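Residue numbers (the UniProt record's numbering), protein chains in the order written: chain A, 1 to 125; chain B, 1 to 129. Backbone N, C-alpha and C define an ideal beta-carbon position, used for all residues, glycine too. As the structure is a prediction and not an experimental result, all values here were calculated from the model.
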Amino acid sequence: MADINEIAKVFVDFYYGNFDADRKNLRNVYKDISMLTFEGQQIRGVNGIIEKLTSLGFQRIQHKIQTVDAQPSHPSAGSILISVTGQLLTDNEENPQRFSQTFQLVPDGPGNYFIYNDIFRLCYM
Amino acid sequence: MEQSSVYSNVINSGATAFVDQYYKIYDTNRGYIDGFYKENSAILWNGNPFSGITQFKDFLLKLPVTTHTIQTYDCQPVLGSEKSIMVNVNGEVKYSDQSSKQFHQNFILMPDLEKQGTYYVAHDCFRFI
Numbered sequence: 001m002a003d004i005n006e007i008a009k010v011f012v013d014f015y016y017g018n019f020d021a022d023r024k025n026l027r028n029v030y031k032d033i034s035m036l037t038f039e040g041q042q043i044r045g046v047n048g049i050i051e052k053l054t055s056l057g058f059q060r061i062q063h064k065i066q067t068v069d070a071q072p073s074h075p076s077a078g079s080i081l082i083s084v085t086g087q088l089l090t091d092n093e094e095n096p097q098r099f100s101q102t103f104q105l106v107p108d109g110p111g112n113y114f115i116y117n118d119i120f121r122l123c124y125m
Numbered sequence: 001m002e003q004s005s006v007y008s009n010v011i012n013s014g015a016t017a018f019v020d021q022y023y024k025i026y027d028t029n030r031g032y033i034d035g036f037y038k039e040n041s042a043i044l045w046n047g048n049p050f051s052g053i054t055q056f057k058d059f060l061l062k063l064p065v066t067t068h069t070i071q072t073y074d075c076q077p078v079l080g081s082e083k084s085i086m087v088n089v090n091g092e093v094k095y096s097d098q099s100s101k102q103f104h105q106n107f108i109l110m111p112d113l114e115k116q117g118t119y120y121v122a123h124d125c126f127r128f129i
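This is how it looks when you write it as structure tokens:
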């Protein structure tokens with residue numbers, strides 16, 4: 001099995017790269033059993049999740065990742081826990097907002113994963 | 001803090017009880033923090049891995065007096081391990097008389113098969129942000 005830190009890095013690059021380019025592309029990494037808790041709002045299933053992500057009220061977004069931590073969450077199942085912290089800039093905003101996001105990735109065929117758990121929060125001082 | 005119940009009320013209330021107790025013990029009675037963990041718990045503290053609670057507790061006991069203020073916490077059930085709960089916490093921590101720092105902490109709570117009806121921290125990942 002590939003090193004989980006390597007998998008986490010590839011995933012984080014993929015996820016935020018697609019989020020910033022075109023959020024609809026993230027449809028492939030969620031399934032009907034996936035969960036997203038976005039700023040406290042609980043959503044289940046890929047359709048609701050993509051609807052939520054694409055309805056967010058900004059045109060452009062740029063994520064800047066600061067830390068990525070990975071742990072095997074259930075070694076026999078091969079799932080991975082990834083905790084991300086960073087900053088994001090939307091549209092013409094000049095002051096970045098800090099965020100935290102935690103994922104659990106679950107294997108989906110050889111070399112593939114999908115997002116089962118996803119919790120996103122903005123962080124305010 | 002609002003808690004909706006799309007996933008499960010049991011999970012929400014379990015996470016609420018855990019968050020309340022964990023930071024209370026951490027701030028006021030840190031010598032008992034190991035009661036939340038097991039020897040095989042996986043712990044990352046600001047990027048530093050600890051192999052087991054004994055080593056982690058030694059480290060925590062060297063930190064100054066803390067005051068945690070929880071801003072948000074969210075929870076979800078975890079796939080693959082029945083009844084396990086993921087808890088995601090954001091807040092501020094104040095060390096002794098220093099100014100507050102923002103932190104993010106993520107836990108996976110698993111049922112403790114040795115003590116029925118209780119949970120332990122199987123994973124703990126902490127970061128200053």
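{"query": "Flag B:ILE25 as yes if its beta-carbon sits less than 8 angstroms from any beta-carbon of chain A, otherwise no.", "result": "no"}
{"query": "Could you check the C-alpha separation between residue 126 of chain A and A:LEU88 for me, to the nearest Å?", "result": "Because chain A spans 1 through 125 in this model, residue 126 of chain A falls outside it and cannot be assessed."}
{"query": "Measure the CB-CB distance between B:ILE70 and B:VAL19 and report whether it falls below 8 angstroms.", "result": "yes"}
{"query": "On the premise that B:ALA15 lies in contact with B:ILE85, defined as a C-beta separation below 8 angstroms, what is that separation, rounded to the nearest angstrom?", "result": "6 angstroms"}
{"query": "Restricting to runs no shorter than 3 residues, where is the beta strand (DSSP E) found entirely within the UniProt domain \"NTF2\" (14 to 128) of chain B?", "result": "37 to 45, 48 to 51, 66 to 77, 85 to 95, 101 to 111, 119 to 128"}
{"query": "Provide the residue(s) that pair with A:VAL84 in DSSP beta bridges, ordered along the chain.", "result": "A:VAL68, A:GLN101"}
{"query": "Taking 7 angstroms as the cut-off, is the beta-carbon of B:HIS123 closer than that to any non-hydrogen atom of the ligand ZN?", "result": "By its list of ligands, the structure shown contains no ligand whatsoever, and the ligand ZN lies outside what it can speak to."}
{"query": "Measure how close the beta-carbons of B:GLN105 and B:VAL89 come, nearest whole angstrom, since I'm counting them as under 8 angstroms.", "result": "5 angstroms"}
{"query": "Using DSSP's beta-bridge definition, name the partner residues of A:ASN117.", "result": "A:MET35, A:GLN104"}
{"query": "How long is the line joining the alpha carbons of B:VAL78 and A:ILE119, rounded to whole angstroms?", "result": "12 angstroms"}
{"query": "For A:ILE42, write down the residues that DSSP places opposite it in a beta bridge.", "result": "Just to set this straight, residue 42 of chain A is Gln in the shown sequence, not Ile. DSSP lists A:THR37 as partners of A:GLN42."}
{"query": "Could you please give me the residues that DSSP links to A:THR54 through a beta bridge?", "result": "Answer is none; A:THR54 lacks a bridge partner."}
{"query": "Identify, in the order they occur along the chain, each residue of the same chain with its Cβ nearer than 6 angstroms to the Cβ of A:GLN101, setting aside the five sequence neighbours on each side.", "result": "VAL84, PHE120"}
{"query": "So the candidates are B:THR118, B:GLU39, B:PHE126, B:SER96; which of them puts its Cα closest to the Cα of A:LEU81?", "result": "B:PHE126"}
{"query": "State the DSSP-derived secondary structure class of A:TYR30, mapped to helix, strand or coil.", "result": "strand"}
{"query": "Which term fits B:LEU44, buried or exposed, when burial requires 16 or more other beta carbons within 10 angstroms of its beta carbon?", "result": "buried"}
{"query": "Taking C-beta pairs closer than 7 angstroms, name the residues in chain B that A:SER55 reaches, listed in chain order.", "result": "None at all; the shortest Cβ gap to chain B is about 17 angstroms."}
{"query": "Report the neighbours of A:GLN59 on chain B: residues whose CB is nearer than 9 angstroms to its CB, in chain order.", "result": "Here the premise fails: no neighbours, minimum Cβ distance about 26 angstroms."}
{"query": "Among B:GLY31, B:THR67, B:SER100, whose alpha-carbon lies nearest the alpha-carbon of B:ASP58?", "result": "B:GLY31"}
{"query": "So what does A:ILE7 bridge to, in DSSP terms?", "result": "Answer by DSSP bridge pairing: none, since A:ILE7 is not bridged."}
{"query": "Can A:LEU36 and A:LYS52 be called in contact, C-beta distance under 8 angstroms?", "result": "yes"}
{"query": "List the residues of chain A whose Cβ lies closer than 8 angstroms to the Cβ of B:ARG30, in chain order.", "result": "Chain A residues near B:ARG30: none, gap ~23 angstroms exceeds 8 angstroms."}
{"query": "Taking the alpha-carbon positions, what's the B:TYR120 to B:LYS38 distance?", "result": "7 angstroms"}
{"query": "Can you check whether the CB of A:PHE99 is closer than 8 angstroms to the CB of A:CYS123?", "result": "yes"}
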